[in-house]
Amino acid sequence: MAEGHAIGLHGLTHRRAFEMERSDWRSSVREGKALLEDLSGQAVVGYRAPEWSLRGQATDWWQELPELGFRYDSSRVPLSVIGDPAWPRRPYRLAEGLWELPPPVLWSGPPRSPLWGWGPRVLPFSLVRRAIETLAQEDAGTPLVLHPWELDEGQPDLPGASLGHRFAHGAGLRGYGSHLRDLLTGLRLVSLEAWVADR
1 MAEGHAIGLH GLTHRRAFEM ERSDWRSSVR EGKALLEDLS GQAVVGYRAP EWSLRGQATD
61 WWQELPELGF RYDSSRVPLS VIGDPAWPRR PYRLAEGLWE LPPPVLWSGP PRSPLWGWGP
121 RVLPFSLVRR AIETLAQEDA GTPLVLHPWE LDEGQPDLPG ASLGHRFAHG AGLRGYGSHL
181 RDLLTGLRLV SLEAWVADR
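The letter at position 196 of the sequence shown is residue 196 when you use the UniProt record's numbering, and the numbering goes up by one with no holes.
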């Protein structure tokens, strides 16, 4: 935070929203936000549901976020399986005072691929760089999603995990730290809070 980073809420227990009762989800979000604000000393205005889980029975639960004090959400993915390809792929207002900042998706032909997680780790560098540059030129307010463990080449295998989860967690980790530096070199990055505040 001393270097300009902001903290958003990613859930109290990393439990998927659509597996919870709405009232339990709301309580969990409220408690997680209060805890982060107590620990950080700053307002927490951003939310992303664990595993992009504001879908299924939880599709409209974002409506509760403004009254809980959030100014943006990043839980709606314009991809099948973890979202809906019909959802917009650029930032949009969900409601007065609440922006949706969808995670970046590579749309240059099937299959559509995430520009987070395994996507930038395994897709060709030039393709990913070009997509990120395009988003930057559009001032698209696109969140760059990075898990700290993605910079740890010594990640353990996930026993019992599905092949898909093992791929998503392990593919392309070797050398990803330097690869990521190269991808982001020369780009101007701002916090999502700063982007939303300018709108």
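Every residue, glycine too, gets a C-beta built ideally from N, C-alpha and C. Since the structure is predicted, the reported quantities are computational estimates derived from the model, not experimental observations.
Residue environment for S27: exposed (fewer than 16 other C-beta atoms within 10 angstroms of its C-beta). For A194, the enclosing alpha helix (DSSP H) has its first and last residue at 192-197. Here P102 is near P91, since their CB atoms are less than 9 Å apart. With contacts defined by Cβ atoms closer than 9 Å, V44 and E37 form a contacting pair.
Closest in C-alpha terms to E51, from the list L65, Y176, W116, comes W116. Annotation for E193: A6, V45, G46 place their beta carbon closer than 7 Å to its own, counting only its chain and skipping 5 residues before and after.
Around H10, the same chain offers R48, P50 as residues with beta carbons nearer than 7 Å, after the five sequence neighbours per side are excluded. Annotation: L163 is outside any beta strand (DSSP E); the continuous alpha helix (DSSP H) that includes it extends over 163-170. Restricted to the stretch 99-136, the alpha helix (DSSP H) segments that are unbroken, complete and at least 4 residues in length are 118-122, listed in chain order. In the structure shown, R26 adopts helical secondary structure according to DSSP, grouped into three states. Here R90 carries a coil assignment [DSSP, helix/strand/coil]. As the crow flies, the alpha-carbon of A95 is around 11 Å from that of D73. For S75, the closest of Q137, E67, L54, F18 by C-alpha to C-alpha distance is L54. Assignment of A95 by DSSP, reduced to helix, strand and coil, places it in the strand class. Taking the Cα positions, S191 is about 14 Å away from Q42. Residue environment analysis places G141 among the buried positions, since at least 16 neighbouring C-beta atoms fall within 10 angstroms of its C-beta.
For D84, no pairing in a beta bridge is given by DSSP. With fewer than 16 other Cβ atoms from the protein chains shown falling within 10 Å of its own Cβ, M1 counts as exposed. In this structure, the CA atom of W87 is about 21 Å from the CA atom of W118.
In the DSSP assignment, L184 falls within the alpha helix (DSSP H) that extends over 176-184.
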